[in-house]
Amino acid sequence: MRHRYLIIGAGPGGLQLSHFLQRAGADYVTLEREATPGGFFRRYPRHRRLISLNKVHTGEKEREIQLRWDWNSLLGDDPDLMFPDYSQEYFPHADDLVRYLADFQRVHGLNVRYGTPVRRVDRTDDGFEVRTDDEVHHAECVIVATGWGGPYVPDIPGIELATGYEDAPVAGEDYAGRRVLVIGKGNSAFETAQALLPYASVIHLASPNPVRLTWTSKHPGHVRGQYGALLDSYWFKTLHAVLECTVDRIWREDGVIRAAITYTLADGEQAVLDYDAVVRCTGFTMDTGLFGPSCRPDLEPNGRIPAIRPDFQSANVDGLYFGGTLMQARDFKRASSAFIDGFRYNLRTLATLLRERYDGVPLRSHELPADPDRLTDDVLARVNHSSALWTQFEYLSDAYVVGPVVRRYDDLPEDYAVSRFADEDLLLTVTLRWGPRDRPDVFAIQRHPTPERADECAFLHPVVRVWRRGAQVAERHLLEDLQARWLDPVRHAAPLRSFLTDHLAGRS
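Residue numbering for the sequence shown follows this note's numbering, starting at 16 and increasing by one per position.
As structure tokens, then:
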């Protein structure tokens, strides 16, 4: 029971990394506690509609480009094994994803051992000891891709009177004529409230901070547009409301559930409100119970996800890595590492970093001449083609190490690339990024479509940064384009060529 790599969890993250390691011929095993893959998605979301888009008809023929709008497919070798073949719905049913994941594992013949719950992980002198019910496994490297371990329960006196999102009835009729407090303002809270909308007499959504809408933040994990009906109801004075408040205490009295609240945007105003039911929709947290004292990972300040280094390794445990949605700390609430369409690319990169460290396989690079024309063509070709840069905007980058020749490394986290190549005289990183977020009105943006003002662009656009020995010395934005085609000779190629010419001429 000794392997180089041991993956815990066979959700989409565990399966994706298993595929990359298997394709590389690596020595790995994946342990999954349940009998089939994707257990989280057999239970969640509760109302069974995913928020991950499934844009089937794109007008594009190339698979790499299509993946920009296919948020559910894993990266595999079979072109016929793509999620749009499992569902034509824009917001697909979660059962279709479960079916797809099972087929992905079967078709690729991944080395997954089902019905094998991991009970404990400990650090040893030469790696890790991983215990299951019946066996002890030894591995040089452990990658935890277990996803969410359970609900996050806030520390509110009386919170036990609330029904958790994980147990709340999905039939809105169960709340007919009732006053309902939903604690939380994320997608699970709005998903729950949407089902209650035709039935409940009063729906209040409560949390200390205002609603973050995805079309202003550009983050797919914030509240999505399909849940706007509840916000309409709030402003149209139908008794439903969205409250910025702390819930200080919950108790049962006189046949009702009472909640003491303190408004956060009303100079500390307090109130006691009566409800017939309370539903807790406060998100999830990772399970740290399987880690022994020798390898208990540090967590981010929110206490829900692991703190990781730029290479996806635990911040405090050498050789312990995280995959899937647990990779999101470095781009939290910015890019898409919390979701399949983001972490599938992170895992491709992680597989190459693991192979370099443990198997001695050098990190792959592409060579090209240190010539401004060739470099301009290469950068534009990448930003017009890559789905990794598109999905993982402002996070994954192409890194160009400039010397007598240029070596391009694809899809590296930008902070990792800068750290890794900190001794280089000239490094270029290329990312895509959104313009400034949280504008007052995202549907009334004043634009200035001249190359000199490209840094003010509101839409997705390329950014090239110049680094010398780890310090950023310059930055060039390219103008946004409605169809995301950055190929115009005047608006895109000429400004980039001029920028690169200047910095190549000044290299040591």
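Note that beta-carbon positions come from the ideal geometry of N, C-alpha and C, so glycine has one too.
Got a sec, what are the start and stop residues for the alpha helix (DSSP H) residue i sits in?
i: residue 285; result: Here residue 285 belongs to no alpha helix (DSSP H); instead the beta strand (DSSP E) covers 285-290.
i: residue 433; result: 429-435
i: residue 309; result: Per DSSP, residue 309 belongs to no alpha helix (DSSP H) and is neither H nor E.
i: residue 404; result: 402-406
According to DSSP, is residue i part of a helix, a strand, or is it coil?
i: residue 108; result: strand
i: residue 523; result: Residue confidence for residue 523 is low, a pLDDT of 47 falling below 50, so the modelled location carries little weight and cannot support an answer.
i: residue 55; result: helix
i: residue 296; result: coil
i: residue 272; result: strand
i: residue 35; result: helix
i: residue 168; result: coil
i: residue 80; result: helix
i: residue 486; result: strand
i: residue 46; result: strand
i: residue 179; result: strand
i: residue 71; result: coil
i: residue 332; result: coil
i: residue 277; result: strand
i: residue 507; result: helix
i: residue 480; result: strand
i: residue 321; result: strand
i: residue 492; result: strand
i: residue 462; result: coil
i: residue 438; result: coil
i: residue 468; result: helix
i: residue 64; result: strand
i: residue 422; result: strand
i: residue 302; result: coil
i: residue 85; result: strand
i: residue 524; result: Because the chain in this structure spans residues 16 to 523, residue 524 falls outside the shown range and cannot be described.
i: residue 517; result: helix
i: residue 341; result: helix
i: residue 397; result: helix
i: residue 346; result: helix
i: residue 512; result: helix
Can you tell me the Cβ-Cβ gap for residue i and residue j, rounded? I've got them flagged as a contact below 8 Å.
i: residue 298; j: residue 136; result: Incorrect: roughly 24 Å between the Cβ atoms, too far for contact.
i: residue 44; j: residue 146; result: Wrong, their Cβ atoms sit about 14 Å apart, outside the cutoff.
i: residue 30; j: residue 89; result: 6 Å
i: residue 300; j: residue 319; result: 4 Å
i: residue 336; j: residue 198; result: With a Cβ gap of about 34 Å, residue 336 and residue 198 do not count as contacting.
Determine the burial state of residue i: buried for a count of at least 16 other Cβ atoms within 10 Å of its Cβ, exposed for fewer.
i: residue 130; result: exposed
i: residue 523; result: Residue placement at residue 523 cannot be trusted, given a pLDDT of 47 that sits under 50; what the coordinates show is reported in the next sentence. Exposed, since its Cβ has fewer than 16 Cβ neighbours within 10 Å.
i: residue 419; result: exposed
i: residue 381; result: exposed
i: residue 54; result: buried
i: residue 221; result: buried
i: residue 65; result: buried
i: residue 403; result: buried
i: residue 462; result: exposed
i: residue 488; result: exposed
i: residue 477; result: buried
i: residue 204; result: buried
i: residue 316; result: exposed
i: residue 342; result: buried
i: residue 268; result: exposed
i: residue 251; result: exposed
i: residue 182; result: exposed
i: residue 34; result: buried
i: residue 26; result: buried
i: residue 344; result: buried
i: residue 200; result: buried
Could you tell me whether the Cβ of residue i comes closer than 8 Å to any Cβ of chain C?
i: residue 154; result: Here chain C cannot be found, since the structure has a single protein chain.
What are the boundary residues of the beta strand (DSSP E) that includes residue i?
i: residue 337; result: 335-337
i: residue 412; result: 411-417
i: residue 23; result: 17-23
i: residue 445; result: 442-448
*asked:* Ignoring anything shorter than 4 residues, give me the alpha helix (DSSP H) runs that lie fully in the stretch 354-393, in order along the chain.
replied: 355-374
_For a minimum of 4 consecutive residues, which ranges assigned as the alpha helix (DSSP H) are wholly contained in the stretch 188-273?_
Those alpha helix (DSSP H) runs which fall completely within the stretch 188-273 and span 4+ residues are 202-211, 229-232 and 243-250.
_Segments of 3+ residues assigned as beta strand (DSSP E) that fall wholly inside the stretch 95-166_ = 133-139, 142-147 and 151-159
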